[in-house]
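Read through the structure below, which is laid out as structure tokens, and then see the notes.
2 protein chains.
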Amino acid sequence: MSKPLRLGIAGLGTVGVGVVKILQAHGDLLAQRCGRRIEITAISARDASKDRGVDLSPYVWVEDALDLAGRDDVDVVIELIGGSEGVAKDLVEKALATGQHVVTANKALLAHHGAALAQLAEDNNVALAYEAAVAGGIPIIKVMREGFAGNAIHAVYGILNGTCNYMLTAMRETGRDFDVILKEAQEAGYAEADPSFDIDGIDAGHKLALLSAIAFGVKPDFESLQIEGIRKINATDIRLAEEFGYRIKLLGIARRFNGSVMQVMEPCLVPLSNPIAQIEDVYNAVYVDCDSVETSMLSGKGAGEGPTASAVLSDVMDLARGNILPTFGVPAQSLLDPRWADIGDTVSCYYLRLCVLDKPGVIAEISTILRDHDISIEGLSQHGRDPDQPVSVVLTTHETRRRDMQKACSEFANLDSVLEEPCLMRIEALS
Amino acid sequence: MSKPLRLGIAGLGTVGVGVVKILQAHGDLLAQRCGRRIEITAISARDASKDRGVDLSPYVWVEDALDLAGRDDVDVVIELIGGSEGVAKDLVEKALATGQHVVTANKALLAHHGAALAQLAEDNNVALAYEAAVAGGIPIIKVMREGFAGNAIHAVYGILNGTCNYMLTAMRETGRDFDVILKEAQEAGYAEADPSFDIDGIDAGHKLALLSAIAFGVKPDFESLQIEGIRKINATDIRLAEEFGYRIKLLGIARRFNGSVMQVMEPCLVPLSNPIAQIEDVYNAVYVDCDSVETSMLSGKGAGEGPTASAVLSDVMDLARGNILPTFGVPAQSLLDPRWADIGDTVSCYYLRLCVLDKPGVIAEISTILRDHDISIEGLSQHGRDPDQPVSVVLTTHETRRRDMQKACSEFANLDSVLEEPCLMRIEALS
Chain A
0 MSKPLRLGIA GLGTVGVGVV KILQAHGDLL AQRCGRRIEI TAISARDASK
50 DRGVDLSPYV WVEDALDLAG RDDVDVVIEL IGGSEGVAKD LVEKALATGQ
100 HVVTANKALL AHHGAALAQL AEDNNVALAY EAAVAGGIPI IKVMREGFAG
150 NAIHAVYGIL NGTCNYMLTA MRETGRDFDV ILKEAQEAGY AEADPSFDID
200 GIDAGHKLAL LSAIAFGVKP DFESLQIEGI RKINATDIRL AEEFGYRIKL
250 LGIARRFNGS VMQVMEPCLV PLSNPIAQIE DVYNAVYVDC DSVETSMLSG
300 KGAGEGPTAS AVLSDVMDLA RGNILPTFGV PAQSLLDPRW ADIGDTVSCY
350 YLRLCVLDKP GVIAEISTIL RDHDISIEGL SQHGRDPDQP VSVVLTTHET
400 RRRDMQKACS EFANLDSVLE EPCLMRIEAL S
Chain B
0 MSKPLRLGIA GLGTVGVGVV KILQAHGDLL AQRCGRRIEI TAISARDASK
50 DRGVDLSPYV WVEDALDLAG RDDVDVVIEL IGGSEGVAKD LVEKALATGQ
100 HVVTANKALL AHHGAALAQL AEDNNVALAY EAAVAGGIPI IKVMREGFAG
150 NAIHAVYGIL NGTCNYMLTA MRETGRDFDV ILKEAQEAGY AEADPSFDID
200 GIDAGHKLAL LSAIAFGVKP DFESLQIEGI RKINATDIRL AEEFGYRIKL
250 LGIARRFNGS VMQVMEPCLV PLSNPIAQIE DVYNAVYVDC DSVETSMLSG
300 KGAGEGPTAS AVLSDVMDLA RGNILPTFGV PAQSLLDPRW ADIGDTVSCY
350 YLRLCVLDKP GVIAEISTIL RDHDISIEGL SQHGRDPDQP VSVVLTTHET
400 RRRDMQKACS EFANLDSVLE EPCLMRIEAL S
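As structure tokens, this is what we get:
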């Protein structure tokens, strides 16, 4: 049996402790599967005295995480600190530069600095692995870089944030509104005290930027992503969507479009008959459209101790077995500068909810604006009847250019009879 | 760039031609991804003169497929002949013995001889890879051996035969019966002239035996699999299942049970609210229950030129990148002799349809037998009313030991008023 692979773990939160637990529980099984043992030699975290429920005494405690880099008893640095800048970035750079492999769960770091870090890893003949950064329970990085390696990928899309999906599910099941459910989710530990990273789509956007890079051989480019979160959705939207045969999901999509790549993260209506509509609670799902495989879908828990620690171990075991790949599936120097599509050019059906004063002539105003932008109405209905009070008008459109739909929306917002920001969502056919 | 990886392909049916097409279309992309070129050097098939729609002139034509083994210009033999015995087996054995890697789509060969072939591969330090043998569009072998390598696997289950799933979908959508749909499927090319391999569950059983081996570290053992196909299902069952909130799927399940492993392939009722119910037509789906990842699901096309050829290429690209694993995820000599559970001990809810004469006392006879076997009825209804003519009586049970259910069924079959073999199906909660 080859000599052990030695790990240094930076960050002992939920995931770091999960990695320790798996190695303590399954050390022999993993050694059998890899042909060598995997051993933790050094660890680092903010608070050495905290009881984390696992025995950490066999490992060297390193005060400054940066000192894990360059240690000659550490072959792989596991970075579980997080954040696109600061210690996490410094540690990853230093470890790669000193010839250590890096395994990380840090989507922000890679979404912002992925191309440079990939180059640094290759220059030093080491791996920068990040299965845990995207949808822990779904080995999507491996599947795209290896399982579908014989394919040209047309599109990758899916539900990439468990908190949002949990909230959308809870809103549907209870009929309660966003603010109530958010508060409950925070109390239950499913949402952070500052929830904006999740509910504004940023976390999911980081993940989409990484999937897009692998799919299309481009440098990850989070900045150019079009992102909208789920704050605008209320219980009425969810109920009406169901009546129309749809379910609302925060969907990230990266797709080849007119010779460039279209990237967008926003809530969409998906058909109830599509399996993605049944992906509920904290589950994630990723679809990949390829030229040979056609459409393949993976679903699993997106986060949490077990799934994320398992993803870290999957990367570690690849390294133990000698399976080292370029970070984004092709050599870093051949990653392309992406040409992003103007999503205003894309064509979809839309769902639109307007909160209007219930008085004669409102529907005429709305339909005139739609006509002026060449937007064809598929269905339109007013929900409720309450003269001179606010009611919802909901409509769905036939295929419409996004730019036209957005122009119409901004004109609706200017109408005196429209009382709130219109709620516009794409209907994603997923065919 | 390293020197090319050279392939010899045995069998130029749909899949073989698909492999040639992908390499001709994406040669540069694949070389970029692997760091070396993948080249076909030699090919072999039954008929050299047949027009297969691709240019085969650059490759050496080998009359006898066995002669691909041992050629010094072939690093990897791609076995696409099929069958558990005969030329396919001889070729794989000879290639492995002479130090060539083997990539195969041959589930029958591996389900019957997997343990011995895995040992032969390891003795010769070469890979025996078979991603294409199970659910082409789903990289389930890679996901289980690598993506979930840090997990103990509790269960693997799913829809593993596209022909059966296509037929069940068509029966549901058209309301037509088995024989009619089978004839249509044969005319459309979705079912073979001799369909028994598919519709009797044998093909899916081969695949389950392989997944079970990886999941539990056991020798694949097709012989001990409990298999039932879909011949007994009629349009009434499908309609009634929907009314009860279920859909009928041919489901293979391998699960840890009482310290051993339970393996069964049979049609089951699955809840409509579970994503697996939405896996329709020729799509396959595989669920894996792990200790850390919990439940993860993958779906995609199970067969066909593109998905299967892509799976072959995935294995080839692993070899090109130097990613070589033990056939079933652990060294062959550590594969265990499986202890299979007696599935008579398992407990499930059941669906039962009886074709009975519509006359007084029949329901009393049925419910007496159920009572005598301690089987608790959840629901019971007679469909239709036609005195002294055949009608359907359908019932669902609460949780029942399989052995008791089967005993009751054989007693039903002996009743004068029961006119056909009872149709018994497990209700699989998939919770």
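Those protein sequences? They're chains A and B, same order as listed.
FYI, numbering that gives the first Met the number 0 numbers position 48 of the first sequence as 47, with every residue one higher than the one before it.
FYI, numbering that gives the first Met the number 0 numbers position 407 of the second sequence as 406, with every residue one higher than the one before it.
Glycine included, each C-beta is placed from N, C-alpha and C at the ideal position.
Check, Outcome
"Backbone CA spacing between Asp-200 (chain B) and Asp-197 (chain A) [nearest angstrom]", "Checking the sequence shown, residue 200 (chain B) turns out to be Gly, not Asp. Those two C-alpha atoms are separated by around 45 Å."
"Residue burial classification, Asp-317 (chain B) (beta-carbon count within 10 angstroms, cutoff 16)", "buried"
"Paired residues, beta bridge with Arg-400 (chain A) - DSSP", "A:Val-346"
"Endpoints, beta strand (DSSP E) assigned at Ala-284 (chain A)", "282-289"
"Proximity winner among B:Ala-151, B:Lys-231, B:Ala-319, relative to Gly-328 (chain B) (alpha-carbon distances)", "B:Ala-151"
"Chain B within 8 Å of Lys-141 (chain A), Cβ atoms only", "yes"
"Cβ distance (whole Å) where Leu-159 (chain A) is taken to contact Gly-52 (chain A) below 8 Å", "Actually they do not touch by this definition, with Cβ atoms about 29 Å apart."
"Euclidean distance between Cα positions of Tyr-350 (chain B) and Val-417 (chain A)", "54 Å"
"Backbone CA spacing between Asn-283 (chain B) and Arg-255 (chain A) [nearest angstrom]", "26 Å"
"Cβ-based burial, Arg-45 (chain A) [other Cβ within 10 Å; buried from 16]", "exposed"
"Own chain, CB closer than 7 Å to Pro-306 (chain B), minus 5 neighbours either side, in chain order", "Gly-135, Gly-136, Gly-299, Lys-300"
"Unbroken stretches of the beta strand (DSSP E), 3 residues or longer, contained in the stretch 19-45 of chain B", "37-43"
"Partners in chain A for Arg-32 (chain B), counting only beta-carbon separations shorter than 7 Å", "Ala-148, Gly-328, Val-329"
"Ser-1 (chain B) to Ser-291 (chain B) span [Cα, whole Å]", "38 Å"
"DSSP state of Val-292 (chain B) mapped onto helix, strand, coil", "coil"
"Within-8 Å CB hit, Leu-312 (chain B) to chain A", "yes"
"Cutoff 8 Å: Arg-320 (chain B) Cβ touching any chain A Cβ", "yes"
"9 Å Cβ cut-off: residues of chain A touching Ala-436 (chain B)", "With chain B running from 0 to 430 in the structure shown, residue 436 (chain B) is simply not present."
"Straight-line Cα distance separating Val-361 (chain B) from Glu-130 (chain B)", "51 Å"
"Host beta strand (DSSP E) of Met-264 (chain B) (start-end)", "259-270"
"Reduced DSSP secondary structure (H/G/I, E/B, other) of Phe-177 (chain A)", "helix"
"Contact with chain A by Met-170 (chain B), beta-carbon distance below 8 Å", "no"
"Residue burial classification, Gly-258 (chain B) (beta-carbon count within 10 angstroms, cutoff 16)", "exposed"
"Cutoff 6 Å; reference Glu-265 (chain A); Cβ partners in own chain excluding five residues on either side", "Glu-227"
"Span separating the alpha-carbon of Ser-43 (chain A) from that of Glu-62 (chain A)", "6 Å"
"Nearest-angstrom Cα separation, counted from Arg-32 (chain B) out to His-100 (chain A)", "20 Å"
"Residue span of the alpha helix (DSSP H) that contains Ile-252 (chain A), given as start and end", "Where Ile-252 (chain A) is concerned, there is no enclosing alpha helix (DSSP H), although the beta strand (DSSP E) it sits in stretches over 245-256."
"Separation of Ser-391 (chain A) from Ile-365 (chain A), as counted between CA atoms", "13 Å"
"Local conformation of His-372 (chain B) per DSSP, three classes", "coil"
"Coil, strand or helix - Ser-195 (chain A) by DSSP", "helix"
"Cβ-based neighbour list, Ala-96 (chain A), same chain, cut-off 7 Å, excluding 5 preceding and 5 following", "Leu-119, Asn-123"
"Extent of the continuous beta strand (DSSP E) to which Gly-113 (chain A) belongs", "Here Gly-113 (chain A) belongs to no beta strand (DSSP E); instead the alpha helix (DSSP H) covers 106-122."
"Contact check, Pro-330 (chain B) vs Glu-121 (chain B), beta carbons under 8 Å", "yes"
"Neighbour list for Ser-272 (chain B) in chain A, Cβ cutoff strictly below 8 Å", "Gln-277"
"Beta carbon proximity, Pro-138 (chain A) to chain B, threshold 8 Å", "yes"
"Residue nearest to Gln-332 (chain A) in terms of C-alpha spacing, selected from A:Trp-339, A:Leu-268, A:Lys-218, A:Gly-244", "A:Lys-218"
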